[in-house]
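Report on one structure; see the data block that follows.
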Amino acid sequence: MSMTLFTSTGCLRCKIVKRFMEERGLAYEEKDIKADGREAFQKFYTANRKSVYRGPEGIEFPVFFDGVEIRQGLGAVIAYLHSGKKLDGLVSVGTLHKEWVDGLHVSGGDPAHAQEFLSVLRYLKGNNMKLRVDTNGKNSHILRQVFDEGLASQVVMDVVGPINLYGLILGETVDAHDIKESIALIPRFSEYRFETTVAPLIDQLGKVRYMTPREVAEAARLIEESTGSKKHPYLILSFRPEKAADPLFKALMPITPQELLAYRTAAREYLVFADIEK
Amino acid sequence: MTYPSVYPTGVTIYNPAKCWNGYTIFQANELGALLIDMNGREVQLWKGLHGFPNKLLPGGHVMGSLGQRNTAYGMQDQIDLVQVDWEGKVVWKFNRYEYIEDPGETPQWMARQHHDYQREGNPVGYYVPGMDPLVDRGNTLILVHKNIKNPGISEKMLLDDTIIEVTWDGEIVWEWTCSDHINEYGFSEPAKNILARDPNFRPAGGGMGDWMHINSMSALGPNKWYDAGDQRFHPDNIIWDGRETNIIAITDKKTGEIVWKLGPDYDTSRELKRMGWIIGQHHAHLIPRGLPGEGNILVFDNGGWAGYGSPNPGSPTGIKSALRDYSRVLEIDPVTLKIIWQYTPAEAGYVMPYDSNRFYSPFISSAQRLPNGNTLITEGSGGRIIEVTARHELVWEYISPYWGQHLNLNMVYRSYRAPYNWVPQLDRPEEVPIERIDVKTFRVPGAALPGRMKETVVKGTLPYAGGDNALCVGQTEE
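Protein chains in written order, with the working numbering: chain A, 1 to 278; chain B, 1 to 478.
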């Protein structure tokens, strides 16, 4: 299977991927989009537009293609080269730049592959990258290892709601102890933030509604009780209906910034630094 | 400014027949909220009650704050906003805007209120017939501070202005952040340049750029412009002014967008050139319905030093790029931008430009339109409060006798006149006229009385020449 790596002149992340492939003896063809690979990439992009992420600042490089799979961005390409599709969900294309790598999801994939995931993190950190890891609280044992090895420079935890709604929002069974373990661990990282998105729910009557300010306050209380402190950076985010997969949620009206204020007021009862996204 | 070293304080001029008589409330510097009658009798002092500003409410209540944040860490942040009754009991309080942990200080919630607030029922915070502010319920608009980073303005830490609306129960139900609208203010490239390098940097809290410095905020209230279909003047919209930028603007309450503004530059149209550069202004507000001049904007145009622009001899870096050494009170039609009424050194009777700086407060100050058409003006830096008629006659003058211990000024940030019946606890006071003293003949004890002991005619002398051609400097228009 032939491997193609689309790179950009001077791209540090591309160099790290190339070094990784060379260390493992993986043969590949490099196409520099700022040199003679420009035309080839345009052709590739035209054929695979939906599979290539384009952020506000353009397309993230490197872009890897082995004839079947496309992976994009430093973390995702290294993860694929390291473990194939096993790390899908744990690693995805990131949006941060310079020395930062994100798209590293402790709770996002199969925890059976924790060791491969950690191995990828070690490699990235070993190449002087700073890692932003995110979690929703699941797989606290992986988060513990990330902490113990000092792999993350920043961690963001999405506390999806109060513990009684956690499973409903995630659509799966969750272990409350696991979530609380993660919450308790988060403030031990040198840089961290808790977040809650005001998520839509389908209540017992089948009616779609957003979480209430009281429910977000309960999420804040969960953080306070799990950490023993009211003083954590905590951001309340509004849900983006246009990005929802569920058509029921897609039809919702977005919460306005002014409506978010009531959530902030409620959450500040338990977390005094609670704020809302701009 | 030619201040004599000795001059009277208290009320110095009072014409009861031409005044709109009532009580006047202001923050006596480093003393408390002071209520005086027309003769200057101090009828009530809420001792120690801060006020940025103090405002009187019907029923003998007053608004202010219980204290100020340590100035090593905060810049003009009041810890709370409170309503206090006649006996000094706090009947309403808001402080839950930001949880503050300053080094060496007890961590606490703070309002970070500064410069202004408005209680529902009245758009501007002073007496308007039929628009009494609510005293036992209602929402309150509050101007507060927030520290932010916004690389679109400057890489430095910024002290931003936000406006919040809080319910009687203290819940924040609306919030507007000034820096979110940076692209709507119309800054020139030179202004953006100096704003990025020096956003009016102040040392508090390790340094922060007080870049806009909003010092006034009020609702428009019902008005003729909106009634005629001009949506920019929706009664709920909010007018504010930024001292450091020379901007006066109206914020749409629903969208947050800037829908009307004056400044930051005043040389971009014929109307603005005619108006002249507004500099470092205070207390810009729409005169409420029911008062003479309703629908016009009343503003104390301080002069002094303010604005961001091109470097010039008076401003080598471009910060505080506009300068003027006298003040003006302007009443402006917000649609035609014509000056409808003004009180400047000329109307005050001073010879311009030679004596202009005798009406001059380079910071603080305010103007209130009174029901009889008079205007109460706080010429704040010198602690002078005056009432002038529509024809510019000075009918009341008061000089604050309160110099601060920490700051050796008798400054008055803002004052308000309120009707007697807003203080039912007091009998209507006696109004005793005070004739203007002729300073040509007034002497302090021990000084020689007017008159010459000997007068000698010198033959061959010519009459003194009149006019300003005899002076070393000419008028700028010459």
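Just so it is clear, CB atoms sit at the ideal spot from N, CA and C, and this is done for glycine as well.
Counting only Cβ-Cβ distances shorter than 8 Å, please list the residues of the stretch 86-100 of chain A near chain B, keeping chain order. none
Less than 8 Å between the C-beta atoms of Asp236(B) and Ile214(B), yes or no? no
Under a Cβ-count criterion, where at least 16 other Cβ atoms within 10 Å of its own Cβ denotes burial, should Arg324(B) be classed as buried or exposed? buried
Can you pull the chain A residues whose beta carbon is under 9 Å from the beta carbon of Tyr117(B), in chain order? By Cβ distance, chain A contributes nothing, its closest Cβ being about 18 Å from Tyr117(B), past 9 Å.
Look at Val91(A) and Leu81(A) and say whether their C-beta atoms are less than 8 Å apart. no
Cβ closer than 9 Å: which chain A residues qualify as neighbours of Arg174(B)? Note that residue 174(B) is Trp in the sequence shown, not Arg. The answer, in chain order, is Gln258, Leu261.
When the cut-off is 8 Å and only beta carbons count, does Arg305(A) lie next to chain B? Lying outside 1 to 278, the shown extent of chain A, residue 305(A) is not represented and no answer is given.
Measuring alpha carbon to alpha carbon, tell me which residue in Ala274(A), Gly167(A), Val63(A) is nearest Tyr45(A). Val63(A)
On the CB-based measure, 16 or more other CB atoms within 10 Å of its CB, does Val166(B) come out buried or exposed? Taking every protein chain shown into account, the CB of Val166(B) has 16 or more other CB atoms within 10 angstroms, so this residue is buried.
Can you tell me which of the three DSSP states Arg38(A) falls into? helix
Same chain, Cβ closer than 7 Å to Ile437(B), neighbours up to 5 away in sequence not counted: none
Leaving out the 5 sequence neighbours to the left and right, which residues in its chain are closer than 8 Å to Gly40(B) when beta-carbon positions are compared? Hits under 8 Å: Gly10, Val11, Tyr398.
Across which residues does DSSP place Ser5(B) in a beta bridge pair? Bridge partners of Ser5(B): none, in fact.
Within 10 Å of its beta-carbon, does Met110(B) have 16 or more other beta-carbons around it, so buried, or fewer, so exposed? buried
Output the distance between the C-alpha atoms of Asp85(B) and Gly64(B), rounded to the nearest integer angstrom. Answer to the nearest angstrom: the Cα atoms are 11 Å apart.
Comparing alpha-carbon positions, which option in Asp116(B), Pro151(B), Gln281(B) lies nearest Ile164(B)? Asp116(B)
Could you give the DSSP three-state label for Gln231(B): helix, strand or coil? helix
Residue span of the alpha helix (DSSP H) that contains Ala266(A), given as start and end: 257-267
Checking contacts by CB at 8 Å: is Glu171(B) closer than that to chain A? yes
CA-to-CA distance, Tyr97(B) to Arg264(A), given in whole angstroms: 10 Å
Length of the line joining the Cα atoms of Gly73(A) and Ala112(A): Straight-line Cα distance between these residues: approximately 24 Å.
Just curious, the beta strand (DSSP E) that Thr375(B) is in, first and last residue? 375-379
Are the C-beta of Arg96(B) and some C-beta of chain A separated by less than 8 Å? yes
Could you pull out every residue in the same chain whose Cβ sits closer than 7 Å to the Cβ of Thr71(B), ignoring the five residues on either side in sequence? Ala204
Alpha carbons only, please: which of Val216(A), Ala220(A), Ala199(A), Gln204(A) is nearest the one belonging to Tyr210(A)? Ala199(A)
Nearest by alpha-carbon distance to Arg268(A): which of Gly466(B), Thr344(B), Gly170(B), Gln78(B) is it? Gly170(B)
Chain-ordered chain A contacts of Tyr398(B) [CB-CB under 9 Å]: Ordered by position in chain A, no residue passes the 9 Å Cβ test against Tyr398(B), which lies about 42 Å from the chain.
Where the alpha helix (DSSP H) through Arg13(A) begins and ends: 12-23
How about the stretch 300-310 of chain B and the stretch 191-200 of chain B: do they share at least three Cβ pairs that are nearer than 8 Å? The stretch 300-310 of chain B and the stretch 191-200 of chain B touch, with no fewer than 3 CB-CB distances between them shorter than 8 Å.
With the cut-off set at 8 Å, would you say Arg232(B) and Trp260(B) are in Cβ contact? yes
Mind pulling the chain B residues with CB within less than 9 Å of Arg268(A)? Arg96, Tyr99, Trp109
What is the rounded straight-line gap between the Cα of Glu478(B) and the Cα of Trp305(B)? Annotation note: pLDDT 46 at Glu478(B) (below 50); position unreliable, coordinate value reported separately. Glu478(B) and Trp305(B): Cα-Cα distance of roughly 24 Å.
Could you give the distance in angstroms between the alpha-carbon of Asn223(B) and the alpha-carbon of Ile279(B)? 26 Å
Check the Cβ of Thr265(A) against every Cβ in chain B and list those closer than 7 Å, keeping chain order. Correct list: Glu171, Ile172.
For Ala76(A), which option in Val120(A), Ala40(A), Tyr234(A), Lys130(A) has the closest C-alpha, if you only look at C-alpha atoms? Val120(A)
Anything in chain B within Cβ reach of Val272(A), meaning under 7 Å, just list it in chain order. Tyr99
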